[in-house]
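Report on the structure given below.
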Amino acid sequence: MSYEGQMLDDLRMPSKAAVETHLLTALLRHRGVVKEFAKDEDIVNELAGEFALSQQQRNATLERIYRKENRTVQSLLWLRLLFRAADNLAKLGLVSRPTATYKLSGKREWMLTEKGFDEALNLEGKQDLDKETLGVRSFEVQREVKVIISTPRPDSYDPVARDKRLITRASTSYFRSRGFRQAVIEAYDCKCAFCGFKLCSPDSLSWEVEAAHIVPNNFQGKDDIWNGLALCGIHHWAFDVGWLSLTPRFIIDVSSRVNSLSDKFAQIGKVDLIRMFGSKKTRMLLPTEKNLFPHETAIAWHRSNRFVA
Ligand SMILES: [Zn+2]
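The opening position of the sequence shown corresponds to residue 987 in the working numbering, with each subsequent residue numbered one higher.
Below, the structure written as structure tokens:
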């Protein structure tokens, strides 16, 4: 047995397989990404806590001697165990390595792949959850998000996909549609662009906010950030049916039909969820980057085709 193997045995450290399982489920809790392992990093202490590691187990140091180079390297045994587990998950295609993730996000992190996402949901008994509605990142979807947010905003933009051949393979459009949802929700900081409502589930896995298409899917609206808005469930519905729209200057516009609406409608307590925008010329919340703002051509389409002026 190797010196390291002997140490793992002597200290009764958890098995690599057990660490792999815990790491996968921790990735799910951390919304798909954890930082590279380093001493006192949250994820390192969190997993040590899950295994109830003693101070001795947490701090045991392995000394390796590189004779050729005439140097010794000390490293924490627990960090090496975590690294080896993550490395094996990467070999199995369940996580992406920090070098690959860095190219996407600029951060050195381990990230779930789609395969790892499925596996983690299985381990947690949550395989019935719809991945599309979860705020968990995966490498494949994040690759689409990068394309969506880094494509330069065109001056003249057609938000309608007129050429059906644009939709090629099913998996491409599946990742694109999930990438759209994630990119929109992140651009609006998980808030409704109209009322600012922000709420996640108790396990932090899913957000109430929805990624709305300005030109809807059933009108061949494209999965581009310029055709998207993050909206709460109520305002998404009200936007789709034409109670609400936007002016070219991003002011929320309310249908004049609202005047014929009974006081019994649209109210929760004292708040009227439609008329709240009518009188004050409320500007919608916009992403921090101008490149990600809704496009005026998409807004114009909505005013002409959906809004009940
Ligand atoms: Zn809202």
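C-beta atoms are modelled at their ideal positions from N, C-alpha and C, and glycine is treated no differently. It should be emphasised that the depicted structure is a prediction, and the values quoted were computed from it without experimental measurement.
Let me confirm a value: residue i is counted as buried when at least 16 other C-beta atoms fall within 10 Å, else exposed. Which label applies?
i	result
Thr1283	buried
Gln968	With the chain represented from 987 up to 1295, any question about residue 968 goes unanswered, as that position is not in the structure.
Ile1254	exposed
Ser1082	buried
Tyr1174	buried
Pro1225	Looking at the sequence itself, residue 1225 is Phe, so the reference to Pro does not match. Buried.
Glu1130	buried
Leu1185	exposed
Ala1038	exposed
Gln1041	exposed
Gln1113	exposed
Ser1124	buried
Gly1018	buried
Arg1066	buried
Gly1165	buried
Pro1234	exposed
Ala1295	exposed
Asp1026	exposed
Would you give the residue range spanned by the beta strand (DSSP E) that residue i belongs to?
i	result
Ser1231	1230–1232
Ser1061	1057–1062
Gly1079	First-last for Gly1079: undefined, no H or E at that position.
His1199	1196–1199
Trp1096	1095–1098
Ala1216	1214–1217
Lys1021	1019–1021
Ends of the alpha helix (DSSP H) at residue i?
i	result
Tyr1052	That residue, Tyr1052, is in no alpha helix (DSSP H); its beta strand (DSSP E) goes 1047–1052.
Trp1287	1282–1291
Ala1038	Careful: Ala1038 lies outside any alpha helix (DSSP H) and carries neither H nor E.
Asp995	989–996
Ala1295	No alpha helix (DSSP H) holds Ala1295; DSSP gives it neither H nor E.
Ile1238	Note, Ile1238: premise wrong, no alpha helix (DSSP H); beta strand (DSSP E) at 1238–1240.
Gly1255	Taken as a continuous stretch (DSSP letters only), Gly1255 belongs to no alpha helix (DSSP H), as it is neither H nor E.
Ser1136	1125–1136
His1008	1002–1015
Ser1091	1084–1091
Would you report the Cα separation of residue i and residue j, rounded to the nearest angstrom?
i	j	result
Tyr1052	Leu1014	37 Å
Asp1189	Gly991	36 Å
Pro1202	Lys1117	21 Å
Phe1161	Arg1044	40 Å
Ser1229	Leu1120	It should be noted that the sequence gives Trp, not Ser, for residue 1229. Cα to Cα, the separation comes out at about 28 Å.
Trp1296	Thr1087	For residue 1296 there is no data in the structure shown, the boundaries of the chain being 987 and 1295.
Pro1000	Phe1069	13 Å
Ala1198	Asn1291	16 Å
Leu1215	Asp1141	19 Å
Phe1293	Gly1207	16 Å
Asn1245	Ala1012	51 Å
Ser1163	Val1127	9 Å
Phe1180	Leu1271	6 Å
Ser1159	Arg1050	49 Å
State yes or no: is the C-beta of residue i nearer than 6 Å to some heavy atom of ligand 2?
i	result
Ser1231	Looking at this structure, you won't find ligand 2 anywhere; what it does contain is ligand 1.
Chain-ordered residues, beta carbon under 7 Å from a heavy atom of ligand 1: Cys1178, Phe1180, Cys1181, Phe1183, Leu1217, Cys1218, Ile1220, His1221
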